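Undergrad: Here's a structure for you.
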RNA sequence: GUUCCUGUAGUUCAAUGGAUAGAAUGCGGCCCUGCGAAGGCUGUGAUGGCAGUUCGACUCUGCCCAGGAACGCCA
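Numbering (my numbering), first residue to last: 3 to 644.
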């Protein structure tokens, strides 16, 4: 397989620098925004200028000449020209031969293009059966099949993963540590995301989490990692007690009618109402508050008087969540529950009182975070129950016993950042081996204009509602365009385009930053949007259908015009963009890239006729391939027609 | 109060310490007898403040201002 162009240039630079006796230099190669600065550029000359005590331009000149000399000795001409520019940039312009060569590569590799050869990526949702909540026995694959001996270079690339995450480690404690790679060269990663709470809504914050988690999982798989998606759900605790209280205080008839007649979505909404009622009563009515606290205890000890209702309500939620996972195209291989790890949490914490990891305080058991620059948190309540902290603590070894990971990623909202620092500091003292392999990756909150979402006040936008809103808008467009598609086709188009709009709006922003939710923007299908990319794909496919394209004939010695060159260069960047997006946990960089690619294609389309021109047809086919592969990595489906 | 995060066009977002700070949207023009106008072209408009480090700062450091989050028995 062809090496990433960027890696090629880095290797070249390192080689040339070594010849001039310089080692250990951070080689920085970028893709300049201005085409006038070449396809790639480096600033090494300026970086090493001080060390060499020479003017940067002089160094740049020497490097330029060395590379040109080196290239002459090589068989294929990678660059058309290499320029130097003040104050010391070196700009590389890819030759038409290498652009066309790469174009052939895209067409040959098809859906594998941009994916690492060892990647277990499947476009078709497939073989892998999603685990249902009703069948929640662990079925974790620890298969070592698909072993691939990775090249040295790839190992290096892979190990960077984990170092570049915005981690949540306490400064100086384990922030700088990387994780070890697996022996077979393919690291095993367990990634926890979604984490909705049964008895509560699945809102747009969860939707962002699941969208980011799925995209990130696919990016990791595309860069040679084995990934287990897991989901950890809070089926126990005060929020559950509040919802159960609500259920108990709703007239029997109403409850029964929901039980027997309604869909899982309606049942879930019913639970949401019960929760809101319970939460309100908790704050306003002291008697109700006592009852709720009592219910909470009963759930913890699985008291027969409440356990059936708890199980039923829980199942309603889980069934509903399953329907959402199916709708958005995500699956999990294991569902963990707080009720499952709570007893282990109590035992684990109790075991570490004697060695002073934890101490008793005011009847509770706490961890003194102050000793590592953090704050104190309660792990076991004075009632003797595990808090969230103790449960998470026990979850780590449980996860590891079922799937010996090299890296365990936990994705949650950034409001939990401080919490995870403390929890991981405690884990560091109990199981340092696991703490070092664990990364909390916080993602930004989804804020409403009216402020934070609150299931208590009902100020919540659910995932289904948002997707349905987007879907309605698509139907309007189809109507306006007097769509010739059948009802079933229109349904498919509306659903897929709606999901694309919503997912893309959540992926195109830096994962860690909060976003201000804007209904208009998130259901948009104009400009920088998911449907724009789907539309561009559909348009490309439409042209190809009319062309009866055959495998591209050898194209050589063609002068590329500006638009062709721009598109060919953009296609060439895809593999390295995928690598970078995975390394930095930044699906948004992939979004930016794909939008730029779409624009480059649409520009070519607007200015030049494609049919009847082999090169442009090849570019069109390659664009369709890259759009499809790229959208797949974002978890967005493509449409042949829309 | 302590700690952490965030301040970029009217709005929503980009920019591993690089070159003239990019887009989208909005508002104003233009383009469908050539392949899909959910498109293309074009005008408009921004780095909270003051210092510092650097050849070079939206980016790093300090202080100030503004907003958000977390902070012992919720998750």
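For each residue, glycine too, the CB sits at the ideal point set by N, CA and C.
This one's a predicted model, so the numbers in the text were calculated from it and none came from an experiment.
#1: Taking C-beta to C-beta, are residue 425 and residue 391 nearer than 9 Å?
#2: Decide if residue 579 is buried, meaning its Cβ has at least 16 other Cβ atoms within 10 Å, or exposed.
#3: Just verifying my parser: in three-state terms, what is the DSSP assignment at residue 156?
#4: So, does the region 619 to 638 touch the region 97 to 112, judging by three or more C-beta pairs under 8 Å?
#5: Look at residue 279 and residue 248 and say whether their C-beta atoms are less than 9 Å apart.
#6: Going by other Cβ atoms of all chains shown within 10 Å of its Cβ, with 16 needed for buried, is residue 35 buried or exposed?
#7: Closer than 7 Å by C-beta to residue 465: which residues in its own chain qualify, once you throw out the five before and the five after it? Chain order, please.
#8: Would you tell me roughly how many angstroms separate the C-alpha atoms of residue 546 and residue 411, rounded to the nearest one?
#9: Any contact of the region 347 to 358 with the region 275 to 290, i.e. 3+ C-beta pairs under 8 Å?
#10: Could you give the residue range of the beta strand (DSSP E) that holds residue 363?
#11: Which residue marks the beginning of the alpha helix (DSSP H) containing residue 13, and which one marks its end?
#12: Bridge partners for residue 449 per DSSP, in chain order?
#13: Taking C-alpha atoms, which residue in 364, 378 and 398 lies nearest to residue 386?
#14: Rounded to the nearest angstrom, how far is the Cβ of residue 635 from that of residue 221, given a contact under 8 Å?
#15: Count the other C-beta atoms from every protein chain shown that fall within 10 angstroms of the C-beta of residue 561, then say buried if there are 16 or more, exposed otherwise.
#16: Compute the distance between the beta-carbons of residue 405 and residue 190, then report whether it is under 9 Å.
#17: Could you compute how far the alpha carbon of residue 503 sits from the alpha carbon of residue 510?
#18: In whole angstroms, give me the CA-to-CA distance for residue 398 and residue 521.
#19: Of all the options 289, 117 and 97, which has the alpha carbon lying nearest to the alpha carbon of residue 225?
#20: Helix or strand or just coil, what does DSSP make of residue 88?
#21: Which same chain residues, not among the five before or five after residue 10, have their C-beta less than 8 Å away from its C-beta?
#22: What span of residues does the beta strand (DSSP E) with residue 477 cover, start to end?
#23: What's the gap between the Cα of residue 292 and the Cα of residue 423?
#24: Starting from residue 585, trace the alpha helix (DSSP H) both ways and give me its first and last residue.
#25: If you compare alpha carbons, which of 319, 548 and 302 is closest to residue 645?
#26: For residue 93 versus residue 47, is the C-beta spacing smaller than 9 Å?
#27: Report the option in 591, 549 and 630 whose CA atom is closest to the CA atom of residue 615.
#28: Rounded to whole angstroms, what is the Cα-Cα separation between residue 644 and residue 498?
#29: How many angstroms separate the CA atom of residue 71 from the CA atom of residue 538?
#30: So who's on the other strand from residue 409, going by DSSP bridges?
#31: Between which two residues does the beta strand (DSSP E) containing residue 229 stretch?
#32: Tell me which residue opens and which closes the alpha helix (DSSP H) that residue 380 is part of.
#33: Taking the CB atoms as reference points, tell me whether residue 393 and residue 322 lie closer together than 9 Å.
#34: Candidates 61, 441 and 308: which alpha carbon is nearest residue 419's?
#35: Which class does residue 487 belong to by DSSP, given the choice of helix, strand or coil?
TA: In brief:
#1: In the first chain, residue 425 corresponds to position 423, counting from 1. In the first chain, residue 391 corresponds to position 389, counting from 1. Yes, Cβ-Cβ distance for residue 425 and residue 391 is below 9 Å.
#2: Position 577 of the first chain, counted from the start, is the residue given in the question as residue 579. A residue is called buried when at least 16 other Cβ atoms come within 10 angstroms of its Cβ; residue 579 meets this threshold and is buried.
#3: Looking up residue 156 in the first chain gives position 154. Residue confidence for residue 156 is low, a pLDDT of 36 falling below 50, so the modelled location carries little weight and cannot support an answer.
#4: Yes: the two stretches touch, three or more of their Cβ pairs being nearer than 8 Å.
#5: As a working mapping, residue 279 is identified with position 277 in the first chain. As a working mapping, residue 248 is identified with position 246 in the first chain. Residue 279 places its beta carbon less than 9 Å from that of residue 248.
#6: Sequence index remark: in the first chain, residue 35 carries index 33 (1-based). Burial call: exposed.
#7: For the purposes of this step, residue 465 is taken as the residue at position 463 of the first chain. Here the set comprises 204, 205, 206, 208, 209 and 326.
#8: Stepping through the first chain from its first residue, residue 546 is reached at position 544. Stepping through the first chain from its first residue, residue 411 is reached at position 409. If I take the Cα positions, the gap works out to 42 Å.
#9: No, because fewer than three Cβ pairs between the region 347 to 358 and the region 275 to 290 fall closer than 8 Å, the two stretches do not touch.
#10: By one-based count along the first chain, residue 363 stands at place 361. First-last of the beta strand (DSSP E) with residue 363: 361 to 363.
#11: Sequence index remark: in the first chain, residue 13 carries index 11 (1-based). Annotation for residue 13: the continuous alpha helix (DSSP H) segment containing it runs 7 to 21.
#12: Along the first chain, read from residue 1 onward, the residue named residue 449 stands at position 447. For residue 449, which the question treats as bridged, DSSP gives the partners 518.
#13: Against the first chain, residue 386 aligns to sequence position 384. Ranking 364, 378 and 398 by Cα distance to residue 386 puts 364 first.
#14: Translated into the one-based positions of the first chain, residue 635 becomes position 633. Translated into the one-based positions of the first chain, residue 221 becomes position 219. Confirmed, Cβ separation roughly 6 Å.
#15: On the first chain, residue 561 is found 559 positions in, with the first residue counted as 1. Counting C-beta atoms within 10 angstroms of its own C-beta, residue 561 has fewer than 16 neighbours from the protein chains shown and is therefore classed as exposed.
#16: On the first chain, residue 405 is found 403 positions in, with the first residue counted as 1. On the first chain, residue 190 is found 188 positions in, with the first residue counted as 1. In this structure, residue 405 sits near residue 190, with a CB-CB distance shorter than 9 Å.
#17: As a working note, residue 503 is residue 501 in the first chain. As a working note, residue 510 is residue 508 in the first chain. Taking the straight line from one Cα to the other gives about 11 Å.
#18: Against the first chain, residue 398 aligns to sequence position 396. Against the first chain, residue 521 aligns to sequence position 519. Between the alpha carbons of residue 398 and residue 521 lies a gap of roughly 38 Å.
#19: Against the first chain, residue 225 aligns to sequence position 223. The residue with the shortest Cα to Cα distance from residue 225 is 117.
#20: Walking along the first chain from the start, residue 88 turns up at place 86. Here residue 88 sits in coil by DSSP.
#21: Translated into positions along the first chain, residue 10 becomes position 8. Contacts found: 80.
#22: As a first step, residue 477 is located in the first chain; it is residue number 475 there, counting from the start. No beta strand (DSSP E) holds residue 477; the alpha helix (DSSP H) holding it covers 465 to 482.
#23: For the purposes of this step, residue 292 is taken as residue 290 along the first chain, with counting starting at 1. For the purposes of this step, residue 423 is taken as residue 421 along the first chain, with counting starting at 1. Cα to Cα, residue 292 sits roughly 33 Å from residue 423.
#24: Stepping through the first chain from its first residue, residue 585 is reached at position 583. In the DSSP annotation of this structure, the continuous segment of the alpha helix (DSSP H) that includes residue 585 starts and ends at 564 to 585.
#25: This structure cannot speak to residue 645, because the chain is shown only from 3 to 644.
#26: Stepping through the first chain from its first residue, residue 93 is reached at position 91. Stepping through the first chain from its first residue, residue 47 is reached at position 45. For the pair residue 93 and residue 47, the CB atoms are not nearer than the 9 Å cut-off.
#27: Numbered from 1 along the first chain, position 613 holds the residue referred to as residue 615. Nearest Cα to residue 615 within the set 591, 549 and 630: 549.
#28: Sequence index remark: in the first chain, residue 644 carries index 642 (1-based). Sequence index remark: in the first chain, residue 498 carries index 496 (1-based). Those two C-alpha atoms are separated by around 10 Å.
#29: Here residue 71 is taken as the residue at index 69 of the first chain, counted from 1. Here residue 538 is taken as the residue at index 536 of the first chain, counted from 1. Their Cα atoms are separated by approximately 42 Å.
#30: Sequence index remark: in the first chain, residue 409 carries index 407 (1-based). Residue pairing by DSSP places residue 409 opposite 191 in a beta bridge.
#31: Your numbering for residue 229 matches position 227 in the first chain. Counting along the chain, residue 229 sits inside the beta strand (DSSP E) bounded by residues 228 to 235.
#32: Taking the first chain and counting its residues from 1, one reaches residue 380 at position 378. Secondary structure note for residue 380: it is in no alpha helix (DSSP H), and the uninterrupted beta strand (DSSP E) holding it is 379 to 382.
#33: Here the question's residue 393 lines up with position 391 in the first chain. Here the question's residue 322 lines up with position 320 in the first chain. It is not a contact, given that the beta carbons lie outside the stated cut-off.
#34: Working through the first chain from its first residue, we reach residue 419 at position 417. Ranking 61, 441 and 308 by CA distance to the CA of residue 419 puts 441 first.
#35: Position 485 of the first chain holds residue 487. In the structure shown, residue 487 adopts coil according to DSSP, grouped into three states.
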